[in-house]
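Colleague: Convert by adding 20 to the 1-based position in the sequence shown; the result is the number in the numbering used here.
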Amino acid sequence: MFEPDDILLAARIKALAHPARLAIVRALLRPDAGRCCCGDIVRDLPLAQSTVSQHLKVLREAGLIRGEIEGPRSCYWIDRRALAAIGAAIDTLGAAVAAPGTLVEA
21 MFEPDDILLA ARIKALAHPA RLAIVRALLR PDAGRCCCGD IVRDLPLAQS TVSQHLKVLR
81 EAGLIRGEIE GPRSCYWIDR RALAAIGAAI DTLGAAVAAP GTLVEA
């Protein structure tokens, strides 16, 4: 019924549909971030460690971030290819809306 790419895109957009997860993604996108450990992310957000961990899990399951255990710490980084795919899909939608003859209502 739906294309696999569309199902994946919808799941990834849904994973971004929470302010805390957007904040985590932005934190991981900072030029100085590279890889961030969970504790570093917790320090930057007004959320409990368990809450941040749950949000990281959602982002990881959607394929937006990658993670690995480094000793006693879990460190994460952005999957830039996955995030770029979302950006490209949104750009395509935006271009369709802006196309001549497209009705846009406020």
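Yeah, the Cβ is synthetic: ideal placement off N, Cα and C, and Gly gets one too.
Measure the alpha-carbon distance for arginine 80 versus alanine 108 and round it to whole angstroms.
Modeller: Taking the straight line joining both Cα atoms gives about 20 Å.
Colleague: Are the segment 95–110 and the segment 53–60 touching, with three or more C-beta to C-beta distances below 8 Å?
Modeller: A contact exists between the segment 95–110 and the segment 53–60.
Colleague: Give the single residue among Pro51, Ile27, Ala119 whose Cα lies nearest to the Cα of arginine 100.
Modeller: Considering only alpha carbons, the answer is Pro51.
Colleague: Work out the CA separation of proline 120 and histidine 38 for me, nearest whole Å.
Modeller: So the two alpha carbons sit approximately 33 Å from each other.
Colleague: Please determine whether the Cβ atom of histidine 38 lies at a distance below 8 Å from any heavy atom of the ligand COA.
Modeller: Ligands displayed in this structure: none; no statement on the ligand COA is therefore possible.
Colleague: State the DSSP-derived secondary structure class of glutamate 23, mapped to helix, strand or coil.
Modeller: Glutamate 23 falls in the coil class under three-state DSSP.
Colleague: Measuring straight from C-alpha to C-alpha, what distance separates valine 117 and aspartate 111?
Modeller: Rounded to whole angstroms, valine 117 to aspartate 111 spans 10 Å at the Cα level.
Colleague: Where does arginine 93 sit, in a helix, a strand or coil, going by DSSP?
Modeller: Note: arginine 93 maps to strand in three-state DSSP.
Colleague: Using the beta-carbon count (16 or more within 10 Å), is leucine 76 buried or exposed?
Modeller: Its Cβ being crowded by 16 or more others within 10 Å, leucine 76 is buried.
Colleague: If you reduce the DSSP assignment to three classes, tell me which class glycine 54 lands in.
Modeller: Looking at glycine 54 - three-state DSSP - the assignment turns out to be coil, as it is neither helix nor strand.
Colleague: Return the first residue and the last residue of the alpha helix (DSSP H) that alanine 109 is part of.
Modeller: Alanine 109 -> alpha helix (DSSP H) spans 100–118.
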